[in-house]
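Notes follow the structure.
Protein chains: 2
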Amino acid sequence: MNQDYIQAHPWSIIEQGFDKEQVKSSESLFSIGNGAMGQRANFEEHYSGETFQGSYIAGVYYPDKTRVGWWKNGYPEYFAKVLNAPNWIGINVFVDGMPLDLNTCKTVNDFKRELNMKEGWYQRSFSAVLPNEVEIKAKITRFLSLDIDEVGAIRMELSPVNQDAEITFEPYLDSGITNEDTNWDDKFWNTTGVQVKNNRAFIEAHTMKTNFATCTFMQAQAGYNGKELDAHPDKKTDTRVSLQFKQNVAKGEHVSLTKYGGYTVSRNHDPSELVKVANTSLDKASELGFDALLKMQKEAWAKIWEMSDITITGDVKAQQGIRFNIFQLNQTYLGRDSRLNIGPKGFTGEKYGGSTYWDTEAYCLPFYMATKGPEVAWSLLEYRYNHLQKAIENAQKLGFTNGAALYPMVTMNGEECHNEWEITFEEIHRNGAIAFAIYNYVRFTGDYSYVPEMGLEVLIGIARFWNQRVNFSEAKQKYVMLGVTGPNEYENNVNNNWYSNYMAKWCIEYALENIEKINNEYPEDYKRIMGKTNLSASETEAWKKVVDQMYFPYSEEHQVFLQQDGFLDKELIKVDALAKSERPINQKWSWDRILRSPYIKQADVLQGFYFFEDHFTEEELEKHFDFYEPFTVHESSLSPCVHSIQAAKLGRMEQAYTFYLRTSRLDLDDYNKEVEEGLHITSMAGTWLSIVEGFGGLRVKDGELQYSPQIPQEWESYSFKINFRNQIVTITVEEGKSSFEITGSNELGIKVDGKSITLVPGKVVTA
Amino acid sequence: MNQDYIQAHPWSIIEQGFDKEQVKSSESLFSIGNGAMGQRANFEEHYSGETFQGSYIAGVYYPDKTRVGWWKNGYPEYFAKVLNAPNWIGINVFVDGMPLDLNTCKTVNDFKRELNMKEGWYQRSFSAVLPNEVEIKAKITRFLSLDIDEVGAIRMELSPVNQDAEITFEPYLDSGITNEDTNWDDKFWNTTGVQVKNNRAFIEAHTMKTNFATCTFMQAQAGYNGKELDAHPDKKTDTRVSLQFKQNVAKGEHVSLTKYGGYTVSRNHDPSELVKVANTSLDKASELGFDALLKMQKEAWAKIWEMSDITITGDVKAQQGIRFNIFQLNQTYLGRDSRLNIGPKGFTGEKYGGSTYWDTEAYCLPFYMATKGPEVAWSLLEYRYNHLQKAIENAQKLGFTNGAALYPMVTMNGEECHNEWEITFEEIHRNGAIAFAIYNYVRFTGDYSYVPEMGLEVLIGIARFWNQRVNFSEAKQKYVMLGVTGPNEYENNVNNNWYSNYMAKWCIEYALENIEKINNEYPEDYKRIMGKTNLSASETEAWKKVVDQMYFPYSEEHQVFLQQDGFLDKELIKVDALAKSERPINQKWSWDRILRSPYIKQADVLQGFYFFEDHFTEEELEKHFDFYEPFTVHESSLSPCVHSIQAAKLGRMEQAYTFYLRTSRLDLDDYNKEVEEGLHITSMAGTWLSIVEGFGGLRVKDGELQYSPQIPQEWESYSFKINFRNQIVTITVEEGKSSFEITGSNELGIKVDGKSITLVPGKVVTA
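As you go down the protein sequences, you meet chains B and Y in turn. Counting in numbering that gives the first Met the number 0, the first sequence runs from 0 upward without gaps. Counting in numbering that gives the first Met the number 0, the second sequence runs from 0 upward without gaps.
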């Protein structure tokens, strides 16, 4: 843990007291989003201290050109960057002509931030003495509407404490912004028009290269003692426009400004109509008014929580942690737009670029599937189906043929945009996660229709890739896979990474199984797909050979599969023998040192045991867990959750809880000293998994929900819901007792600790 | 071979006929240099066609900042670029006001380029019809003086063929130049002053960041019918200055312009005196005059050839090839300045950046040692001694301690400036070449004094590095070296690269041996060095363990050492089974495909057999050669020479000759389709080695020269000289007969095919 200034509270994230050192960190933690746009918790008024400005529009990116590996072929031409978008939140404030700037105020008292997760709003309040001795009390409330998702609303209330004062609001828009992260210091935005009309303003700007046209808009109104103030257009430059409201405010009285703003984008509208659509959105928002909009916001969030909340009693920090994770996942992706996906930083920062990693399939899908329903999960699968052609082209660039598909490591639009050879070209296990998600979807939802409709083509492309990617080793008389990077990115270009080999074998088997099934059960689809893919019998025969003769490195001595060839040649010093000063090794060690060390960034062999739990005995799991976990530094946010689930399965609740803490409050407590760069959104789904699959022991087997509930001794009880095939099952777990409830009108058979139980609507069943 | 337009000639490189497609290629091939500066064969007059402008000043570079591997620690901050320097050669020409531009002329006849290697000058002549129908005959001669190495001279002679014409010369200087290769489109030069004085002009400019101050200067004079023309200052901008000479020239008459130009640099002079020093140089040059300077040039080159020429009779292309290589090596490095080194492209292009690779120690040192003498070789060793502290710091950045030294992969000033992790951090075998060069120097020169004076400190730093870089494998009960890139860069991050392991073991042994020797024979030096390095007995004990228990991968089946762990898992398809369309693989295949293929870029195991020939039997060499060569694509220019030497040793002269051809005319015939980017300077030393060590079978053993001469059947005879311990030994080889001569006053015992012979000055001995 690197910070502990966030106050424990079951429903809110709260900071009290002004600490300049925490500003960037809090800007991440108090970020808000509504799936369509997002906003770091930057101050509305000017702040001259250290800050990381970030306003983001879903799906709007810039392809920053890459320049690496100039003598290595196959790199993508660009690295898609999440873009800092024009600023719509800005409201400069002047008090008797003196700018309000918390960095230069004489004192800042009663500073408080609250992110109310239950209702979906963010509020900041303080009392500050300006250099001109005027003391000002302020309260600013902000939210991004879930109902009108192009609009955000801000209410700023100010009151002079110690004397009368002239207060000036200057709400503004600004497209002269920069990105923290740029390779070539390119200009990312081109502004084409700046307009003011009464109390509204509009900036039209498009991204360079990708040419996303946007209109950033605002409307501002100010009131004092029940009367509305006049808006004066203030300054207008090529990239900035502001309005001005001025009022002499009596000591103790309040003046307030309400600002609506946001973006209309050519992704959703005709580019020539952006200003018009912006006006319509502003009409809607202002007709409703701030309070009605906020009321709708509360109702919308209530609906989300109704389905996705996890309650924990007896441990308020754990309660806060899990809700923070669930809240952020919902701020990032709502499943409304199948062109969107779940970026690793969501709308809270720029790092990593791109929006879609294997995180989506490996970690996020189960969360959205169980808390939202099958149609959102379908959207996520469809996203990959829509990118299949690009995945085939991507594989072609690397020399693969015949419809082999390699999904990108990172993407915005289906094209690869990561640019390190050891990842882009070699971290190919990602392909397996795409196939596994299809399997997982069918297993959970019982809906097979995706496979004949779209999924089988994806599975065939993936199987073709693996079949071409392995080669037969005369020395081993087995198929081997050379030159890969596994999920543990602290190894590069290794041979026979067990996870990748296992995934390859499984993907081919799963494709074969589904080809067979669709041939038998969906003859029309079968004909169509075979025609489209040109799959031949000799091809599938070759696949079967790979399945039968795949090589898996194994240590007889340790009775474990080896993460890769040669793993045992390393200096096998366990993590607990490493000095604290050496960690995190990714900040302290050079890359070659990390590579030749035994240290594991995130679950690798164990990730395979997680996905394919049923293929191994609990004894085998234990052996592998005990062999690998001691070498695991968990420097990926995706690592602790898998270990937490497996520790729980092994009945090691204390260890499971330790891992859980690390994932659930990773950002709140800033374990990796980087929260100021943004939040770890995708790993938040892992936290959810830790409770649901770890403590709750939830599995779906043979079309049936199975639980084996346990509870950390630190908790009194916890409870979560699952949308299982359109019935909502709620489990509440206490020490020694779990109770179940079900909605709807049908009974549902489940298993608890291996015992069958029937749930009847309207009745609480205790096990 | 990708081109064959260069005419065969024993002493000159000749192109006839104007082909726009060849311009960039010829700009490389006809480059001139004098060790202090260099110039691609760009036209003096404006050329609107495809061209690659390049003027280079030795030791002047720019640290282009890198942006790769943002999450991988230890990268250097910059990549030193060879810099295109301000243009001093430019002479624009106007004929009746119409610019002479070979790209737009109606016809270009009798176009000829000649690079006279014997005398060290370059000449271009042609007859061109301009768009205004005036036909102009031209002859331009250019050289960079070996005597006044800051000065180059150009004489341009023009004559109207078909009518009288007004001819205008505009000699100019221009610092508004760009680099082909830049990561960030930075501006590399800042111009601070532009001056004209009579017929002289000066541009003062310094490089950004590195702040090398330079004065680019010129003096021009023109003559017609014995009378000197007046110089008119023409235009002057912030980065350009020109003079103007105008003359009405009668049909058939000649007008000529002589231009002296070049650079004075703060590396050699007080930065405030650069213009003054430039004036002095111009005084010297112009007092001597063009013809006298050219005469001195011929004499200086005659001296170089006297010692370094290799003659071949019966094969003019081979003769031309070897002289081209020797000529370029001498154009690049003369051993006068121990701060300089031998850049892989010399003064002929920008590619690769930096100036010093392991090429210097592994390939170039023997050439300079044998054709120039021990003091030049000492200079090259001293260069590395001077960088020892930086090498220690470089190792520290990667986590090594206690004075371990890792020499950079690429450097200008001792700091690492390459930036690919698999090379920068892992291609550590380079350290071995530095140690081997010390061994080679002592072996060849018999001068041990370098070791106590400087070399032992270097050897200790290197041994320390290897000792820390290996680790003990419990599984193998041996020391292993994980995560390296060997000389074969088509493998990255492999374990137990045989060459690297062998080199490490040898380096430690060689250090131990020299510590012992210096302890016994140079007690004062021993004390000083031990004090400086803090070397302890326990440390050397640890080294001995590594020497005794180093692991070497070996295949019992094939009876060969394996290039690295797992080599036999590859799909072992030989190169001759690869389709032509797939090659060169570094242009056709993605990087991951290359990595998992068995294809070898350049000698790796065989490179070790080359360095440590005496450690292995000829039978072992044969086995390894026959195993590895069929997988070798020789896509490094450094590959064929080693194979040529080894094929010759195995008595396979036909194969040896084939490899020789590939190295000797690599650039002239453009085997790798890239000569337009510049020449492969360092590999030219490999060509020399192919003849001297390959065909001539020269070795130094037990302080004695040993030959085992053979001759390719395509040749009648060949001859080369060796400066062996200050006596010049000349060998002339014909079929079935070799004759030897020696200079000086002492006899010298040598071995020829194992038989001892005594050489007596003044007598030709035949064996």
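Built from N, CA and C at the ideal position, the CB exists for glycine as well.
Can the beta-carbon of residue i be found less than 8 Å from the beta-carbon of residue j?
i: tryptophan 771/B; j: phenylalanine 560/B; result: Shown here, chain B extends from 0 to 766; a query on residue 771/B therefore has no answer.
i: asparagine 494/B; j: leucine 481/B; result: yes
i: asparagine 324/B; j: serine 635/B; result: no
i: asparagine 671/Y; j: lysine 600/Y; result: no
i: glutamine 122/Y; j: glutamate 113/Y; result: yes
i: phenylalanine 201/B; j: valine 264/B; result: no
i: proline 62/Y; j: alanine 84/Y; result: no
i: glycine 696/B; j: proline 711/B; result: no
i: isoleucine 166/B; j: isoleucine 88/B; result: no
i: proline 365/Y; j: aspartate 446/Y; result: no
i: serine 75/Y; j: glutamate 617/Y; result: Note on identity: in this sequence residue 75/Y is proline, with serine being the wrong assignment. In this structure, glutamate 617/Y does not lie closer than 8 Å to proline 75/Y by Cβ.
i: phenylalanine 29/Y; j: alanine 40/Y; result: yes
i: glutamate 628/Y; j: histidine 614/Y; result: no
Closest to residue i by C-alpha separation, out of the options, would be which residue?
i: arginine 463/B; options: Ile422/B, Ser537/B, Asn491/B; result: Ser537/B
i: asparagine 161/Y; options: Gly702/Y, Glu252/Y, Lys750/Y; result: Glu252/Y
i: valine 195/B; options: Glu425/B, Gln654/B, Asn500/B, Val274/B; result: Val274/B
i: lysine 208/B; options: Ala200/B, Tyr60/B, Glu349/B, Val92/B; result: Tyr60/B
i: tyrosine 259/Y; options: Asn329/Y, Tyr598/Y, Phe289/Y; result: Phe289/Y
i: alanine 219/Y; options: Arg595/Y, Val22/Y, Thr257/Y; result: Thr257/Y
i: glycine 413/Y; options: Ala369/Y, Tyr356/Y, Ala284/Y; result: Tyr356/Y
i: threonine 423/Y; options: Ile12/Y, Tyr77/Y, Trp377/Y; result: Tyr77/Y
i: isoleucine 437/Y; options: Gly748/Y, Glu452/Y, Thr312/Y, Glu426/Y; result: Glu452/Y
i: threonine 177/Y; options: Met217/Y, Tyr55/Y, Arg199/Y; result: Tyr55/Y
Counting only C-beta atoms, is residue i closer than 8 Å to chain Y at any point?
i: alanine 230/B; result: no
i: glycine 68/B; result: In this predicted model, glycine 68/B has a pLDDT of only 49, less than 50, meaning its place in the structure is not dependable; the value taken from the coordinates is given anyway. Closer than 8 Å: yes.
i: glutamate 634/B; result: no
i: arginine 266/B; result: no
i: serine 638/B; result: no
i: tryptophan 542/B; result: no
i: valine 595/B; result: Correcting the residue type first, residue 595/B is arginine in the shown sequence and not valine. By this cut-off, arginine 595/B is an interface position.
How is residue i classed by DSSP in three states: helix, strand or coil?
i: glutamate 740/B; result: strand
i: glycine 68/Y; result: Per-residue confidence for glycine 68/Y stands at a pLDDT of 49, beneath the threshold of 50, marking its modelled position as unreliable; no derived number is given.
i: proline 365/Y; result: helix
i: histidine 679/Y; result: coil
i: glutamine 654/B; result: helix
For residue i, decide whether its Cβ has a neighbour in chain B, counting only Cβ atoms nearer than 8 Å.
i: glycine 402/Y; result: no
i: valine 479/Y; result: yes
i: asparagine 775/Y; result: Residue 775/Y lies beyond the residue range present for chain Y, which begins at 0 and ends at 766; the question has no answer from this structure.
i: leucine 405/Y; result: no
i: tryptophan 590/Y; result: yes
i: tryptophan 497/Y; result: no
i: alanine 390/Y; result: no
Any chance you could list the beta strand (DSSP E) runs of at least 3 consecutive residues sitting entirely within the region 89-163 of chain B, in chain order?
-> 90-94, 106-115, 120-128, 134-143, 150-159
At which residue ranges does the region 450-497 of chain B contain complete alpha helix (DSSP H) runs of 4 or more residues, listed in the order of the chain?
455-468
Sequence ranges, beta strand (DSSP E) only - wholly within the region 500-540 of chain B, length at least 3: none
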